[in-house]
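Since the structure comes first, as structure tokens, the remarks are kept for the end.
Here it is, written out as structure tokens:
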């Protein structure tokens with residue numbers, strides 16, 4: 007079933023993948039949708055730009071068709087310090103970005119009880135922060151598909 011969901015998602019996202027707006031992978035048995043920060047947010051901001059809203063609306067439309075799964079939206083940053091009144095650190099920025107995406111996905115029809123958000127700041131890099139390319143890769147939103155534990159619990163109790 008997991009492979010069927012993965013193949014369906016890849017097919018539905020083909021145009022976004024080919025345009026470089028997202029990628030889909032399997033990490034530790036979980037499907038992960040990776041969206042680069044530069045298509046979603048201006049630098050230092052948690053307000054989605056127009057392109058980001060459009061891309062995430064398409065993502066939300068696909069996620070609404072996947073049953074029995076939860077979606078954790080994870081915000082990640084590079085290690086360049088931020089210190090503003092709104093975002094004293096990368097923790098706040100990454101969490102605020104994740105919540106912006108959660109809200110948009112909910113507004114796109116994904117049931118809120120199947121959504122969660124988390125901010126990881128700079129602490130889960132996928133590349134070195136020593137150069138601009140690595141920092142760009144680390145600034146991202148990941149949407150991780152998780153099993154719906156309520157469905158599993160109900161199945162076990164039957």
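Residue numbers (the numbering used here): 7 to 164.
Beta carbons are placed, not taken as given, at the ideal position from N, Cα and C, and that holds for glycine.
### Message
Starting from residue 133, trace the beta strand (DSSP E) in both directions and tell me its first and last residue.
### Response
No beta strand (DSSP E) contains residue 133, which DSSP labels as neither H nor E.
### Query
What whole-angstrom Cβ distance do residue 123 and residue 105 have, given they're in contact under 8 Å?
5 Å
#### Entry: Residue(s) in a DSSP beta bridge with residue 42
146
### Task
Name the two residues that bound the continuous beta strand (DSSP E) containing residue 81.
75-82
### Buried or exposed by the 16-neighbour rule on C-beta atoms within 10 Å, applied to residue 89
exposed
### Task
Please report the Cβ distance between residue 58 and residue 46, rounded to the nearest whole angstrom; I am assuming they are in contact, meaning their Cβ atoms lie under 8 Å.
4 Å
### Task
Using the DSSP secondary-structure output, state which residues sit across from residue 110 in a beta bridge.
According to DSSP, which records beta bridges pairwise, residue 110 is partnered with nothing at all.
#### Entry: Cβ neighbours of residue 112 in the same chain (closer than 7 Å, five flanking residues each side left out)
118, 121
### Task
For residue 30, collect the residues of the same chain with a Cβ closer than 8 Å to its Cβ; drop the 5 residues on either side in sequence, then sort them by chain order.
12, 15, 16, 19, 23, 37, 38, 39, 40
### Message
Please identify the residue among 108, 50, 80, 109 whose C-alpha is closest to the C-alpha of residue 93.
### Response
50
### Query
Looking at the unbroken beta strand (DSSP E) that takes in residue 124, where does it start and where does it end?
121-125
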